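In the numbering used here, the protein residues as written are 4 to 101. A virtual CB, placed ideally from N, CA and C, is assigned to each residue, including glycine. Note that this is a predicted model, so its numbers are computed, not measured. What follows is one structure encoded as structure tokens, with my remarks underneath.
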Amino acid sequence: MELRNRFFKGCIPPKDISLKHNGSDVCAVFEGFMDYLSAMQLGIIASDQLVLNSVSNVEMAVEALQGYERIECFLDNDEAGRRTFQRLHDCFGERVID
4 MELRNRFFKG CIPPKDISLK HNGSDVCAVF EGFMDYLSAM QLGIIASDQL VLNSVSNVEM
64 AVEALQGYER IECFLDNDEA GRRTFQRLHD CFGERVID
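In structure tokens form, the structure reads like this:
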């Protein structure tokens, strides 16, 4: 569980992914919870949503993303984000878009 306010950012272990099912065959993947909240505020998500909460949780995400026809990645444009995208692309091929 992620905990955040203007004075503190942390989590209650163990750190895990967050998955919201809306019955879609598309899943939007976010690196962090604030990325997810920003997308929700902008109204750009009409699919299932998965928040990694840390790129180290990508293997948990691989298991959770089985069965989706399209996986839309909203990851940071840094080395960790690129590695995470590549791992998902290696597992799901052209179903993964950035």
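The C-alpha of residue 73 is placed about 5 Å away from the C-alpha of residue 29. C-alpha of residue 9 to C-alpha of residue 40: approximately 15 Å in a straight line. The C-alpha of residue 32 lies about 16 Å from the C-alpha of residue 18.
In the structure shown, residue 69 falls within a coil segment according to DSSP collapsed to helix, strand and coil.
In the displayed model, residue 49 falls within coil according to three-state DSSP, outside both helix and strand. For residue 22, the uninterrupted beta strand (DSSP E) run begins and ends at 21-23, by DSSP.
Counted as a single uninterrupted DSSP element, the beta strand (DSSP E) harbouring residue 33 occupies residues 29-33. For the 7 Å CB-CB criterion, residue 51 and residue 27 form a contact. Beyond the five residues adjoining it in sequence on each side, residue 56 comes within less than 8 Å, by CB distance, of 5, 14, 18, 19, 20, 21, 35, 36 in the same chain, given in chain order.
When the beta-carbon positions are compared, residue 58 and residue 83 come within less than 7 Å of each other.
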